[in-house]
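Report on the structure given below.
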Amino acid sequence: MLNRAMMKNVYNKLICAAMTDQRINGIETAEYDALTCSSAVCTSHVRPSAFEEMVKIVKPGGVLCFNISLVEKKNYEEKLNELENNGKWRLVQQEKIPFVQAYDKGDIFPIWGECLGLELLSILISGCDLQVGQFDQDLFSDTDAKNLSLKLILPKDYKTTSLWKFAPRQVVKFLQNNNAAFNNHKIGITPQNYVKYRRLNAFFRIVSTSKDRNGVEFISTMEGKRYPVYLLHWHPAKSQFEWRRDMDINHSLADVVSGQYFANFLIQKGGLLYFNISFLEERNYIQKFKELEEAGRWRLLNKEKIPFLLEKQLEECYLYIYKR
Numbered sequence: 011m012l013n014r015a016m017m018k019n020v021y022n023k024l025i026c027a028a029m030t031d032q033r034i035n036g037i038e039t040a041e042y043d044a045l046t047c048s049s050a051v052c053t054s055h056v057r058p059s060a061f062e063e064m065v066k067i068v069k070p071g072g073v074l075c076f077n078i079s080l081v082e083k084k085n086y087e088e089k090l091n092e093l094e095n096n097g098k099w100r101l102v103q104q105e106k107i108p109f110v111q112a113y114d115k116g117d118i119f120p121i122w123g124e125c126l127g128l129e130l131l132s133i134l135i136s137g138c139d140l141q142v143g144q145f146d147q148d149l150f151s152d153t154d155a156k157n158l159s160l161k162l163i164l165p166k167d168y169k170t171t172s173l174w175k176f177a178p179r180q181v182v183k184f185l186q187n188n189n190a191a192f193n194n195h196k197i198g199i200t201p202q203n204y205v206k207y208r209r210l211n212a213f214f215r216i217v218s219t220s221k222d223r224n225g226v227e228f229i230s231t232m233e234g235k236r237y238p239v240y241l242l243h244w245h246p247a248k249s250q251f252e253w254r255r256d257m258d259i260n261h262s263l264a265d266v267v268s269g270q271y272f273a274n275f276l277i278q279k280g281g282l283l284y285f286n287i288s289f290l291e292e293r294n295y296i297q298k299f300k301e302l303e304e305a306g307r308w309r310l311l312n313k314e315k316i317p318f319l320l321e322k323q324l325e326e327c328y329l330y331i332y333k334r
């Protein structure tokens, strides 16, 4: 469950699609203790930074990925303190969150949150207590959707949503009629609980629901009404890349094509991005882009990948060596 100690482990679920004309994608890294990965590979000086799953979400869209490091402890602690001390709702207000500032200035800065990303942003935007996290039974309900592929139930007006407006008809029909959306969670937000939280339903609209093993309906996908924020409680990229016999993941051609649509959607959304120079310089992204172009040494494609097991949920990660 989410708490302050786990916050740094959750940010890797929030994909900030920051791109230039060269279609470069920046992925915020996460820090994990060395003990969580294989002792045969990791030491106290090694921490996995960018999980392969995060790269898989965006790489099929035709972009070059690099990592945005969160190693700087001081800056990250300030981020956590701001989260705790200034109030959860204010974090997503205009003066507190970069993508809101960017959008209000005319820059498209999409946010993609899967699984824990949906849970975290739902907690923040609804104004719930972050210390309680997913234990908040007013917001979250128990769902039996662990290791389960499900159909998507779309609203009648789904064609008016950003996510589905230009989706190929065959993709929509396939996801509606087949158990293709891979879920892996024990809690969810029901439509009834969504209605209770004014801030949540003012910020997001429901673009799909699903039903768990017991027939309990929960929100599987939401999108921002004004801002390009997309939250999924399922994993569209699993069908393309994850091959685990113990996981209920389908790999038919239709599953793969459907998963590819979401990668294309996110990257095309990010392709509308036009950041002003001050916004990029403040976060040192300009220098990273230059280093990427000059040497290519920041490319995640060039980093070593190793098998990685974290509660048997992840297959691979990228490693970066940091000296204390």
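Start counting at 1 in the sequence shown, then tack on 10, and there's your number in our numbering. Here a beta-carbon is modelled for each residue, glycine too, at the ideal position from N, C-alpha and C. Nothing here was measured: the structure is a model prediction, and the numbers come from that model.
Spatial distance of residue i from residue j (CA atoms)
{"i": "Phe150", "j": "Glu252", "result": "28 Å"}
{"i": "Val205", "j": "Asn211", "result": "6 Å"}
{"i": "Asp168", "j": "Trp174", "result": "Strictly speaking, residue 168 in this sequence is Tyr, with Asp absent from that position. Those two C-alpha atoms are separated by around 6 Å."}
{"i": "Asn119", "j": "Tyr237", "result": "In the sequence as displayed, the identity of residue 119 is Phe instead of Asn. Phe119 and Tyr237: Cα-Cα distance of roughly 9 Å."}
{"i": "Asn189", "j": "Lys161", "result": "4 Å"}
{"i": "Ser220", "j": "Asp139", "result": "26 Å"}
{"i": "Phe249", "j": "Val142", "result": "Before going further, note that residue 249 is Ser rather than Phe in the sequence given. Near 33 Å, if we compare the C-alpha coordinates of Val142 and Ser249."}
{"i": "Ile229", "j": "Asp256", "result": "25 Å"}
{"i": "Tyr113", "j": "Asn260", "result": "36 Å"}
{"i": "Leu158", "j": "Lys183", "result": "19 Å"}
{"i": "Val226", "j": "Lys115", "result": "41 Å"}
{"i": "Gln180", "j": "Ala155", "result": "25 Å"}
{"i": "Gln270", "j": "Phe214", "result": "24 Å"}
{"i": "Cys125", "j": "His243", "result": "4 Å"}
{"i": "Ile199", "j": "Leu263", "result": "30 Å"}
Range of the contiguous beta strand (DSSP E) that encloses residue i
{"i": "Ser220", "result": "Phe214 to Lys221"}
{"i": "Leu134", "result": "First-last for Leu134: Leu126 to Ser136, but that is the alpha helix (DSSP H), not the beta strand (DSSP E)."}
{"i": "Lys156", "result": "Ser151 to Leu160"}
Buried versus exposed, by CB contacts within 10 Å (16 or more), residue i
{"i": "Thr170", "result": "exposed"}
{"i": "Asn203", "result": "buried"}
{"i": "Lys279", "result": "buried"}
{"i": "Phe272", "result": "buried"}
Three-way DSSP call (helix, strand, coil) for residue i in this model
{"i": "Gly123", "result": "strand"}
{"i": "Ile118", "result": "coil"}
{"i": "Ile259", "result": "coil"}
May I have a chain-ordered list of the beta strand (DSSP E) segments no shorter than 3 residues that lie completely inside the region 183-251?
-> DSSP runs (the beta strand (DSSP E)) wholly in the region 183-251: 191-198, 214-221, 227-234 and 239-242.
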